[in-house]
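2 protein chains.
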Amino acid sequence: MANSRSTENSTIQAVDAPSCDVSCDESLVHLDNVRQVQPEVLSTEKAQRMAEFFSALSDPHRLKLLSALAQQELCVCDLAAAVKMGESAVSHQLRVLRSQRLVTYRRQGRNVYYGLADDHIMSLYREVAEHLDE
Amino acid sequence: MANSRSTENSTIQAVDAPSCDVSCDESLVHLDNVRQVQPEVLSTEKAQRMAEFFSALSDPHRLKLLSALAQQELCVCDLAAAVKMGESAVSHQLRVLRSQRLVTYRRQGRNVYYGLADDHIMSLYREVAEHLDE
DNA sequence: GTTACCACTGAACATCTGTTCAGTGGATTG
DNA sequence: CAATCCACTGAACAGATGTTCAGTGGTAAC
Numbered sequence: 034m035a036n037s038r039s040t041e042n043s044t045i046q047a048v049d050a051p052s053c054d055v056s057c058d059e060s061l062v063h064l065d066n067v068r069q070v071q072p073e074v075l076s077t078e079k080a081q082r083m084a085e086f087f088s089a090l091s092d093p094h095r096l097k098l099l100s101a102l103a104q105q106e107l108c109v110c111d112l113a114a115a116v117k118m119g120e121s122a123v124s125h126q127l128r129v130l131r132s133q134r135l136v137t138y139r140r141q142g143r144n145v146y147y148g149l150a151d152d153h154i155m156s157l158y159r160e161v162a163e164h165l166d167e
Numbered sequence: 034m035a036n037s038r039s040t041e042n043s044t045i046q047a048v049d050a051p052s053c054d055v056s057c058d059e060s061l062v063h064l065d066n067v068r069q070v071q072p073e074v075l076s077t078e079k080a081q082r083m084a085e086f087f088s089a090l091s092d093p094h095r096l097k098l099l100s101a102l103a104q105q106e107l108c109v110c111d112l113a114a115a116v117k118m119g120e121s122a123v124s125h126q127l128r129v130l131r132s133q134r135l136v137t138y139r140r141q142g143r144n145v146y147y148g149l150a151d152d153h154i155m156s157l158y159r160e161v162a163e164h165l166d167e
């Protein structure tokens, strides 16, 4: 982190006080626009949580796993076979999906069966699929 | 850019022969389940494209940029001020958003004004926000 | 109890991502 | 045209991500 220090910069600094933000210089930016928009900008905390959620969906293998689970419940070794990954890798990825509550799981004998947590997810999936088909 | 070249191909290949898949061993996995699910699994190509899309949304700074643009059109330096980033960093991130057609842009004088490409995106945003509020 | 299987975990490694810094190109102003 | 501003780009670096490998814990079958 460590903000830019006093290296004679001009635009990056001190943006905390709404009374004198944006390097105290109105000519460099359109202060009125910035003022208007700034309070509507996602909070760092929310942005972070949302980013983590999308991040869970930002891997092809995880998406394949979800598309498999959209069909039916499956145990880890079946999932591994279906998407052609090692079981260890699948376990690691399922951990990510679990952390974002995208999947559920239950133990039955030696196997652990995973399933989609939410139909919610499928509608999301379809919306994105539409967006990409343009 | 620059997709994975021909450096590896072990796991992405040969998904065609349902007659002898999954290490040719029925006892290790539930072959019937795998058979049933496998054809519904997202293709590597589609999974890749979808992953890239979600990847564009998987960064807090980019989400902040989008939330700002959801309010109104803004030029780069205003965006930088609104989300407290350097202008160069903003430019790099906007490149990512452009590549997924999440934003539009137009030049006006010395400035380049960016805006949300699609209301589509906002509904996506809201769905995820709901999911996270549980 | 012993063995075998399924799933999870931690460490190590290669790769990808995002920021900063320095420099370039386009457009306006004097 | 010289100076200035705005935005984009490439290189370099630090940090995050995903896979493999080896090992652990729980459960069922012998």
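Protein sequence lines, in the order shown, are assigned to chains R and B.
If you read the first sequence in the working numbering, its first letter stands for residue 34, the second for the next number, and so on.
If you read the second sequence in the working numbering, its first letter stands for residue 34, the second for the next number, and so on.
Idealized CB from N, CA, C, for every residue including glycine.
Everything numeric in this text was worked out from a predicted model, so none of it was measured.
As a quick exercise: from the options, pick the residue whose alpha carbon is nearest that of residue i.
| i | options | result |
| --- | --- | --- |
| G119/B | S132/B, L98/B, D166/B and E85/B | L98/B |
| E167/B | R82/R, R139/R and Q104/R | R82/R |
| N66/B | A84/R, A114/R, A80/R and Y138/R | A114/R |
| H63/R | V161/B, E163/B, D151/B and L107/B | L107/B |
| V70/R | G148/B, R143/B and E160/B | G148/B |
| V145/R | K79/R, L135/R and L127/R | L127/R |
| L102/B | D152/B, L165/B and H125/B | D152/B |
| V129/R | K79/R, S91/R and R68/R | S91/R |
| G142/B | V123/B, A89/B, V161/B and V109/B | V109/B |
| R134/B | E78/R, A122/R and H164/R | H164/R |
| A80/B | A150/R, E78/R and P93/R | P93/R |
Could you have a look at residue i and say whether DSSP puts it in helix, strand or coil?
| i | result |
| --- | --- |
| Q104/R | coil |
| L149/R | strand |
| R139/B | strand |
| M83/R | helix |
| D54/R | With a pLDDT of only 37 at D54/R, under the threshold of 50, the placement of this residue in the model should not be trusted; the figure read from the coordinates follows. It is coil, neither helix nor strand. |
Using a cut-off of 8 Å between C-beta atoms, extract the partners of residue i located in chain B.
| i | result |
| --- | --- |
| Q105/R | N66, Q69 and V70 |
So which residues on chain B does residue i lean against when the C-beta distance must stay under 7 Å?
| i | result |
| --- | --- |
| H125/R | Chain B residues near H125/R: none, gap ~15 Å exceeds 7 Å. |
| S100/R | E73, V74 and L75 |
| V129/R | Ordered by position in chain B, no residue passes the 7 Å Cβ test against V129/R, which lies about 12 Å from the chain. |
| L96/R | L75, A80, M83 and A84 |
So which residues of chain R does residue i contact, with C-beta pairs closer than 7 Å?
| i | result |
| --- | --- |
| R82/B | L165 |
| V62/B | C110, D111 and A114 |
So which residues on chain R does residue i lean against when the C-beta distance must stay under 9 Å?
| i | result |
| --- | --- |
| D152/B | The premise fails here: D152/B is roughly 11 Å from chain R at the closest Cβ pair, so nothing lies under 9 Å. |
| S88/B | F87, S88, L90, S91 and D92 |
| L157/B | L157, E160, V161 and H164 |
Exposed or buried, what is residue i when buried is set at 16 or more other beta-carbons lying within 10 Å of its beta-carbon?
| i | result |
| --- | --- |
| S132/R | exposed |
| V55/B | Bear in mind that a pLDDT of 38 at V55/B, under 50, signals an unreliable position, so the model cannot answer this. |
| H125/R | exposed |
| A89/R | buried |
| A84/B | buried |
For residue i, go through chain B and note every residue whose CB falls closer than 9 Å to its CB, in chain order.
| i | result |
| --- | --- |
| V169/R | The question about residue 169/R has no answer here: the residues shown for chain R are numbered 34 through 167. |
Is it true that the region 154-165 of chain R meets the region 114-130 of chain R, where meeting means three or more beta-carbon pairs spaced less than 8 Å apart?
no
Using 8 Å as the threshold, is the region 62-80 of chain R in touch with the region 92-112 of chain B, meaning 3 or more CB pairs across them?
yes
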